[in-house]
Ligand code: NAD
Ligand code: DAU
């Protein structure tokens with residue numbers, strides 16, 4: 150039985166990971182450490198909360214006393230670090246918490262991992278550390294790190310600490326860098342759930358700039374299957390890019406959502422661009438495909454349909470979210486400028 154500390158497991162990707170992994174295998178015991186920020190939601194885990202191979206601890210990865218206690222108590226030898234402040238717009242409004250959680254928090258985990266001699270530390274990173282692409286080209290693992298937003302700079306800094314612990318102390322680490330995820334349980338600050346929920350409520354759809362920024366979309370289960378594979382078989386010290394070769398301009402996705410929900414394009418509203426907005430992301434995932442045999446399994450057309458269906462069928466999940474602190478975030482981000 151592998152005892153795995155999963156951090157940030159109540160967020161979008163982490164909760165999808167835990168739900169998937171506990172249903173598909175019985176050789177993992179998961180200790181989920183999550184601070185339950187605005188983005189963490191235990192409702193995401195209700196299907197597995199009483200699983201005998203699962204326990205939840207509410208806490209902050211920057212709290213080294215707590216982190217050390219958990220490593221000791223659960224004899225942690227494996228770590229998957231999903232915990233992060235993850236939204237670019239929020240990092241533009243205030244960077245400090247991004248530095249604290251993403252950089253200092255990762256460092257606390259690295260120090261404990263060194264002390265307790267963990268056998269594998271998987272850092273969940275992002276393609277945003279590579280910066281922005283022009284009209285052509287793809288991010289490979291050799292692309293130089295060149296982050297542009299406070300969010301991506303904090304993720305790049307934590308990646309570099311992870312690599313430094315490998316180089317300096319021989320800590321057995323691996324890093325994944327994935328492109329934009331979509332799917333069930335995503336917090337409605339991110340493009341796809343925001344556009345779905347606004348469309349359902351007949352609210353304006355705020356498009357930054359000309360709407361032609363390109364992201365490379367991957368269904369969250371494809372990402373998580375890649376995470377499982379890298380965690381099990383990835384070569385220590387290595388970085389693996391993850392992407393499904395599905396580049397799309399934002400406007401195309403928004404129109405598709407409108408069509409799907411049978412609403413008109415008059416809901417689209419062009420708003421002030423995101424400062425420092427990266428133009429295009431696109432991933433070359435040759436390495437994980439050839440070395441580890443990973444392939445994306447979900448097609449965008451059917452997986453986006455599945456995602457829209459999920460939001461239609463889980464109204465109480467998102468109604469609870471948008472009735473809380475979200476309203477003041479929404480006001481500040483979209484209505485007060
Ligand atoms: P999310 O914002 O939905 O979830 C983050 C989770 O981390 C939440 O449950 C939150 O409560 C928890 N958390 C935040 N600060 C914490 C702290 N100090 N201590 C403990 N827990 C804390 O994020 P997500 O979209 O699920 O992203 C998960 C990871 O994947 C992040 O590291 C992110 O950088 C990375 N990533 C995300 C995407 C994407 O498209 N969403 C793509 C590539 C990589
Ligand atoms: O590439 C991986 C990254 O993808 C992750 O590391 C981040 O955690 C995740 O948030 C995501 O970052 P993006 O900035 O690409 O995602 P977001 O959903 O915020 O925006 C996607 C695109 O949509 C981007 O070009 C900005 C645009 N956008 C976004 C919002 C929220 C709009 O036009 N209007 C909006 O209201």
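Numbering (this note's numbering), first residue to last: 150 to 486. C-beta atoms are modelled at their ideal positions from N, C-alpha and C, and glycine is treated no differently.
| query | result |
| --- | --- |
| Would residue 365 and residue 300 qualify as a contact pair, given that the criterion is a beta-carbon distance under 7 Å? | no |
| So is the beta-carbon of residue 407 under 6 Å away from any non-hydrogen atom of the ligand DAU? | no |
| Between 285, 311, 186, 336, which has its C-alpha nearest residue 257's C-alpha? | 311 |
| Check whether the Cβ atoms of residue 284 and residue 294 sit closer than 7 Å, and answer yes or no. | no |
| Within 10 angstroms of its Cβ, does residue 254 collect 16 or more other Cβ (buried), or is it exposed? | buried |
| So, under 8 Å CB-CB, residue 206 and residue 181 are touching, yes? Tell me the CB distance rounded to an integer number of Å. | 7 Å |
| Please say whether residue 164 and residue 193 have beta carbons closer to each other than 7 Å? | yes |
| I'd like the span of the beta strand (DSSP E) that includes residue 151, first residue to last. | 151–156 |
| Does the separation of the CB atoms of residue 436 and residue 389 fall below 7 Å? | yes |
| Can you tell me the Cβ-Cβ gap for residue 346 and residue 416, rounded? I've got them flagged as a contact below 8 Å. | Not really, about 12 Å apart at Cβ, beyond 8 Å. |
| Is residue 371 buried or exposed, if buried means 16 or more other CB atoms sit within 10 Å of its CB? | buried |
| If you reduce the DSSP assignment to three classes, tell me which class residue 207 lands in. | strand |
| Three or more C-beta pairs under 8 Å: does that hold for the segment 262–273 against the segment 223–236? | yes |
| So which of 378, 356, 398, 471 has the shortest CA-CA distance to residue 421? | 356 |
| With a threshold of 6 Å, establish whether the CB of residue 275 neighbours any heavy atom of the ligand NAD. | yes |
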